[in-house]
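Chains as they are written, first to last, in the working numbering: chain V, 31 to 273; chain E, 31 to 273; chain A, 31 to 273; chain P, 31 to 273. Below is one structure, written out as structure tokens; comments come after it.
Number of protein chains: 4
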Amino acid sequence: MLKMNETIDQKILNDMKYRVWQANLALEKANLVVLTWGNVSEVNRELGIIVIKPSGVPYATMTAEQMVVTDLEGHLLEENALKPSSDLPTHVYLYKHFAGINAVVHTHSKYAVMWAQSGRDVPPYGTTHADTFYGAIPCTRQLTQEEVETAYERDTGKVIVERFENDNIDPLAIPGVLTIGHGPFTWGQTVNKAVENAVVLDEVAHMALFTEVLNVKHDLLPNYMLDKHYFRKHGANAYYGQG
Amino acid sequence: MLKMNETIDQKILNDMKYRVWQANLALEKANLVVLTWGNVSEVNRELGIIVIKPSGVPYATMTAEQMVVTDLEGHLLEENALKPSSDLPTHVYLYKHFAGINAVVHTHSKYAVMWAQSGRDVPPYGTTHADTFYGAIPCTRQLTQEEVETAYERDTGKVIVERFENDNIDPLAIPGVLTIGHGPFTWGQTVNKAVENAVVLDEVAHMALFTEVLNVKHDLLPNYMLDKHYFRKHGANAYYGQG
Amino acid sequence: MLKMNETIDQKILNDMKYRVWQANLALEKANLVVLTWGNVSEVNRELGIIVIKPSGVPYATMTAEQMVVTDLEGHLLEENALKPSSDLPTHVYLYKHFAGINAVVHTHSKYAVMWAQSGRDVPPYGTTHADTFYGAIPCTRQLTQEEVETAYERDTGKVIVERFENDNIDPLAIPGVLTIGHGPFTWGQTVNKAVENAVVLDEVAHMALFTEVLNVKHDLLPNYMLDKHYFRKHGANAYYGQG
Amino acid sequence: MLKMNETIDQKILNDMKYRVWQANLALEKANLVVLTWGNVSEVNRELGIIVIKPSGVPYATMTAEQMVVTDLEGHLLEENALKPSSDLPTHVYLYKHFAGINAVVHTHSKYAVMWAQSGRDVPPYGTTHADTFYGAIPCTRQLTQEEVETAYERDTGKVIVERFENDNIDPLAIPGVLTIGHGPFTWGQTVNKAVENAVVLDEVAHMALFTEVLNVKHDLLPNYMLDKHYFRKHGANAYYGQG
Chain V
31 MLKMNETIDQ
41 KILNDMKYRV
51 WQANLALEKA
61 NLVVLTWGNV
71 SEVNRELGII
81 VIKPSGVPYA
91 TMTAEQMVVT
101 DLEGHLLEEN
111 ALKPSSDLPT
121 HVYLYKHFAG
131 INAVVHTHSK
141 YAVMWAQSGR
151 DVPPYGTTHA
161 DTFYGAIPCT
171 RQLTQEEVET
181 AYERDTGKVI
191 VERFENDNID
201 PLAIPGVLTI
211 GHGPFTWGQT
221 VNKAVENAVV
231 LDEVAHMALF
241 TEVLNVKHDL
251 LPNYMLDKHY
261 FRKHGANAYY
271 GQG
Chain E
31 MLKMNETIDQ
41 KILNDMKYRV
51 WQANLALEKA
61 NLVVLTWGNV
71 SEVNRELGII
81 VIKPSGVPYA
91 TMTAEQMVVT
101 DLEGHLLEEN
111 ALKPSSDLPT
121 HVYLYKHFAG
131 INAVVHTHSK
141 YAVMWAQSGR
151 DVPPYGTTHA
161 DTFYGAIPCT
171 RQLTQEEVET
181 AYERDTGKVI
191 VERFENDNID
201 PLAIPGVLTI
211 GHGPFTWGQT
221 VNKAVENAVV
231 LDEVAHMALF
241 TEVLNVKHDL
251 LPNYMLDKHY
261 FRKHGANAYY
271 GQG
Chain A
31 MLKMNETIDQ
41 KILNDMKYRV
51 WQANLALEKA
61 NLVVLTWGNV
71 SEVNRELGII
81 VIKPSGVPYA
91 TMTAEQMVVT
101 DLEGHLLEEN
111 ALKPSSDLPT
121 HVYLYKHFAG
131 INAVVHTHSK
141 YAVMWAQSGR
151 DVPPYGTTHA
161 DTFYGAIPCT
171 RQLTQEEVET
181 AYERDTGKVI
191 VERFENDNID
201 PLAIPGVLTI
211 GHGPFTWGQT
221 VNKAVENAVV
231 LDEVAHMALF
241 TEVLNVKHDL
251 LPNYMLDKHY
261 FRKHGANAYY
271 GQG
Chain P
31 MLKMNETIDQ
41 KILNDMKYRV
51 WQANLALEKA
61 NLVVLTWGNV
71 SEVNRELGII
81 VIKPSGVPYA
91 TMTAEQMVVT
101 DLEGHLLEEN
111 ALKPSSDLPT
121 HVYLYKHFAG
131 INAVVHTHSK
141 YAVMWAQSGR
151 DVPPYGTTHA
161 DTFYGAIPCT
171 RQLTQEEVET
181 AYERDTGKVI
191 VERFENDNID
201 PLAIPGVLTI
211 GHGPFTWGQT
221 VNKAVENAVV
231 LDEVAHMALF
241 TEVLNVKHDL
251 LPNYMLDKHY
261 FRKHGANAYY
271 GQG
């Protein structure tokens with residue numbers, strides 16, 4: 031069953047597995063996952079491979095070798111592989127439609143889930159939000175019964191992309207989403223950035239929840255502040271960090 | 031006073047004690063217990079024994095040997111045993127009436143207790159809930175004064191079973207309950223699963239609390255989503271995990 | 031300045047200092063104190079001495095030897111002693127008026143402070159509360175300007191005792207109080223019990239806060255449940271624990 | 031590019047760097063920062079130097095040597111220095127206008143940010159607040175679009191100072207502020223005190239949030255209690271601590 035091009039550099043693959051494994055462990059260290067509720071993947075579009083966490087394996091015993099390798103359609107490429115995360119079809123769909131991303135993270139982190147369960151976008155209430163997300167973090171529409179029963183995980187990707195396309199949202203400017211009733215997906219150009227975005231999303235979801243308790247008027251950050259904070263960290267004129 | 035059938039394999043008993051001891055420690059590591067507020071038991075129906083935590087012993091000094099062995103009515107089977115958890119009669123009652131369960135966990139975990147104190151079922155607001163609990167997590171009715179004064183711990187079991195029978199709830203599909211004003215009981219086919227269900231119950235109780243703060247309409251997860259998430263993890267067509 | 035009866039057994043004194051020191055450290059381990067916001071004392075009524083934490087000394091560098099020894103009026107008994115906790119006069123007042131207690135704990139633990147700042151008693155919403163506190167945890171009246179400016183710390187004790195006497199509350203049945211706008215004091219027959227009561231008070235304060243968010247009717251635990259849970263742990267017919 | 035007066039004692043500079051580095055690490059240990067969201071600086075007015083955290087460097091790998099040295103206008107004084115925190119102009123502005131302060135701390139600590147995002151002052155609800163802050167912790171006005179686009183970080187300092195001057199607030203009596211939509215700045219006569227004030231600000235912000243949930247009347251601490259608690263810790267008649 032070895033379908034993978036044998037010429038793929040084993041070093042590149044092992045490095046991907048190592049990064050994906052480390053990123054999964056990082057989610058637990060950041061208190062974003064309970065039990066096995068989280069998964070990270072990375073894509074290498076040139077080589078045509080995705081590496082993703084196996085399904086239901088505890089973080090404590092998980093090894094880099096156990097990371098699962100698939101092609102860009104999510105088909106297994108290694109013999110004796112463990113089953114991939116059941117959310118793999120969502121990752122595959124996102125890689126197909128969001129050209130600029132190379133890693134996807136899914137968690138059930140508490141505060142992001144609370145917003146997802148409330149079916150609401152997380153409004154941009156402050157600069158902590160604006161530093162990473164250039165606008166509200168969208169929440170998807172409810173999947174139809176047919177979508178759920180036919181291809182649930184793929185169509186979870188579909189409703190994410192649908193929302194970004196309908197509202198003309200740039201997935202690199204808003205590198206995360208809430209799937210209604212379920213939880214957050216984040217992404218990035220690197221696996222570390224995708225994990226960082228998952229950390230930020232839960233943190234701003236926490237802050238936004240109690241900002242609303244304190245301020246029933248729900249005032250947003252002015253747009254010029256949103257611009258200022260997003261662009262002092264991103265794009266050609268960024269001046270935050272050592273880059 | 032050694033009433034236990036001497037032919038019981040000591041190895042089996044020691045293994046049960048070890049598992050129950052470890053499960054009690056796991057509750058503390060998962061931040062579900064303060065002081066000594068929690069207890070775990072396991073039943074072996076064939077051998078006719080229950081192993082349960084002793085009453086009021088601190089986790090830091092508790093040993094596997096101290097776990098208390100009783101028959102299926104809760105009568106002590108070992109000489110010089112410590113007193114069992116005062117909640118033992120609840121465990122006994124649950125084992126008698128819920129045929130498929132082999133372990134019971136009781137805690138005063140914060141968020142589950144908040145719901146128990148509010149006297150409310152935890153509604154299924156999301157897939158994190160549906161992955162483990164196939165519907166609302168029920169809260170029992172208040173015990174009557176007579177029940178409390180006559181056989182409080184046994185009748186705590188009775189009102190749990192009453193709620194499950196009245197509402198036709200399958201205890202394996204909803205492996206947990208809130209006893210009103212008191213706190214959660216969870217159970218499972220193994221002691222590890224019962225502990226895991228206690229972890230999940232507190233987590234979804236936390237998420238549900240603030241979902242209501244964010245969404246005053248209290249929209250539930252659609253039933254077809256509840257089905258999808260429960261059955262992708264449970265039953266013949268489950269496809270989550272490596273099993 | 032050595033005023034202490036030289037015949038006091040140094041062993042007894044060192045043991046008291048050790049216990050008080052350990053109890054102060056236990057507050058920090060239980061996440062009840064930030065910075066130096068907490069103090070524990072123990073009294074030996076026969077020997078006529080109180081041992082209390084020094085004022086403003088960080089937990090990390092605090093030693094058993096630094097614990098401050100006073101007589102029952104709060105006068106220093108050792109040469110070169112550090113200054114005692116500024117709350118000493120409150121401790122002294124409580125020891126004088128609550129005959130059955132041998133230790134006092136004061137913290138600024140978060141959830142207890144929230145209730146103190148709201149000026150409200152913590153209602154008995156559940157059995158976790160009833161296991162330790164046989165009724166609402168009272169909040170004192172506001173001190174008058176004159177009381178604050180004249181003998182603030184002593185009169186903090188005075189308003190505590192006033193509330194217990196006015197409402198006929200037994201300080202051993204309700205081993206804690208909230209001083210309005212300030213925070214909790216707890217006590218007990220031993221220093222370990224007083225610390226434990228501080229842990230329980232903050233935990234039930236946390237649970238009660240969000241019980242109210244979930245249940246706007248604010249239903250209390252029935253009195254017969256309060257009785258049941260309090261008396262299964264306390265008094266002649268208690269059956270909880272190994273005692 | 032070495033512009034610094036060569037006669038500056040290297041020992042003094044290294045000590046400043048060490049203190050600023052340790053203070054930055056202390057923020058992380060106190061759970062006040064996520065990722066790299068925080069910065070600390072110290073000024074030596076006689077020597078005319080400021081030492082501040084570099085921009086965007088992870089705490090785990092940050093070294094004392096990497097701390098950035100500038101003059102009192104924020105101009106770099108060492109060759110091959112890393113880029114300073116992007117908030118440096120705010121620190122510079124505060125040092126210029128608040129004569130008594132020698133250190134500034136900025137974080138995105140959760141509870142302080144919630145209040146900043148709500149655009150509200152933190153009211154003095156209790157003595158934990160009054161022990162450190164002699165009155166409400168002010169929140170700045172929104173910056174205008176022109177201010178944001180012209181000199182955002184400097185004018186963040188400007189709106190802070192404007193609020194203190196307009197309301198006649200002594201920055202040593204209220205050693206912290208919320209910048210609207212953004213987060214807290216605190217300061218002090220030493221870097222340790224500025225960090226401590228950041229810890230206290232987040233703690234009292236947390237307590238104040240849920241005090242309001244419990245007490246819809248939002249009663250404040252009486253002024254004579256505010257006086258008592260502030261002045262038992264500060265000024266000529268302070269009697270708290272060993273000082």
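For glycine and all other residues, C-beta sits at the position ideal for the given N, C-alpha and C. Since we're looking at a predicted model, the values are computed, not measured.
- By the neighbour-count definition (other C-beta atoms within 10 Å, threshold 16), P:Thr-180 is an exposed residue.
- One Cα belongs to E:Trp-67, the other to A:Thr-162, and the distance between them is close to 12 Å.
- In this structure, E:Val-225 lies away from E:Pro-168, with their beta-carbon atoms at least 8 Å apart.
- Around the CB of P:Ala-266, fewer than 16 other CB atoms lie within 10 Å, so the residue is classed as exposed.
- Residues of the same chain with a CB within less than 8 Å of the CB of P:Asn-54, apart from the 5 flanking positions on each side, are Gly-68, Asn-69, Val-70, Lys-83, Tyr-89 and Met-92 in chain order.
- Residue range 133-137 is occupied by the beta strand (DSSP E) that includes P:Ala-133.
- Collapsing the DSSP output to three states places V:Pro-114 in a strand.
- Leaving aside the five residues that flank V:Met-46 on each side, the residues in its chain whose CB is nearer than 7 Å to its CB run, in chain order, Glu-72, Asn-74 and Val-81.
- Taking the beta carbon of V:His-236 as reference, the chain P residues within 7 Å of it are Lys-140, listed in sequence order.
- For V:Tyr-155, none of the residues of chain E pass the 9 Å Cβ criterion, the least Cβ distance being about 13 Å.
- In the three-state DSSP reduction, V:Glu-109 falls in the coil class, being neither helix nor strand.
- In this chain, E:Thr-174 is not harboured by any beta strand (DSSP E), its DSSP state being neither H nor E.
- Under the three-state reduction of DSSP, P:Pro-84 is assigned to strand.
- A Cβ of chain V is located within less than 8 Å of the beta carbon of E:Asn-245.
- Following the DSSP letters along the chain, one finds A:Trp-217 inside the beta strand (DSSP E) bounded by residues 213-218.
- Note on V:Glu-95: under 16 other CB atoms within 10 angstroms of its CB, so exposed under the neighbour-count rule.
- For the pair V:Lys-113 and V:Ser-85, the Cα-to-Cα distance works out to about 6 Å.
- For P:Glu-242, the enclosing alpha helix (DSSP H) begins and ends at 221-244.
- The closest CA to that of A:Glu-58, considering only A:Lys-247, A:Ser-139, A:Gly-273 and A:Ala-133, is found on A:Ser-139.
- Listed as beta-bridge partners of A:Ser-71 by DSSP are A:Ile-82 and A:Val-134.
- Residue environment for V:Asp-232: buried (at least 16 other C-beta atoms within 10 angstroms of its C-beta).
- By the CB criterion at 8 Å, E:Val-135 and E:Ala-228 fall inside the cutoff.
- In the DSSP assignment, A:Leu-102 falls outside any alpha helix (DSSP H), carrying neither H nor E.
- When the beta-carbon positions are compared, V:Thr-120 and V:Gly-187 come within less than 8 Å of each other.
- Residue contact check for V:Tyr-182 against chain E: a CB pair falls below 8 Å.
- The beta carbons of A:Tyr-123 and A:Leu-250 sit no closer together than 8 Å.
- A:Ile-167 is bridged by DSSP to A:Val-152.
- V:Lys-263 is a Cβ neighbour of V:Tyr-270, given a cutoff of 8 Å.
- Counting of Cβ neighbours within 10 angstroms places V:Arg-49 among the buried residues, the total reaching 16 or more.
- The three-state secondary structure of E:Leu-208, taken from DSSP, is strand.
- The C-beta separation of E:Ile-131 from E:Trp-217 comes to about 4 Å, placing the pair in contact by the 8 Å criterion.
- Contact between E:Pro-214 and E:Ala-146 holds: CB atoms are separated by about 7 Å, below the 8 Å threshold.
- Within chain P, the residues Ser-116 and Tyr-182 have their CB atoms less than 8 Å from the CB of V:Arg-262, given in chain order.
- V:Asp-200 and V:Tyr-164 have their C-alpha atoms some 9 Å from each other.
- At a cut-off of 8 Å between C-beta atoms, E:Asp-151 does not count as an interface residue with respect to chain V.
- E:Trp-145 belongs to the set of residues whose beta carbon lies under 8 Å from a beta carbon in chain A.
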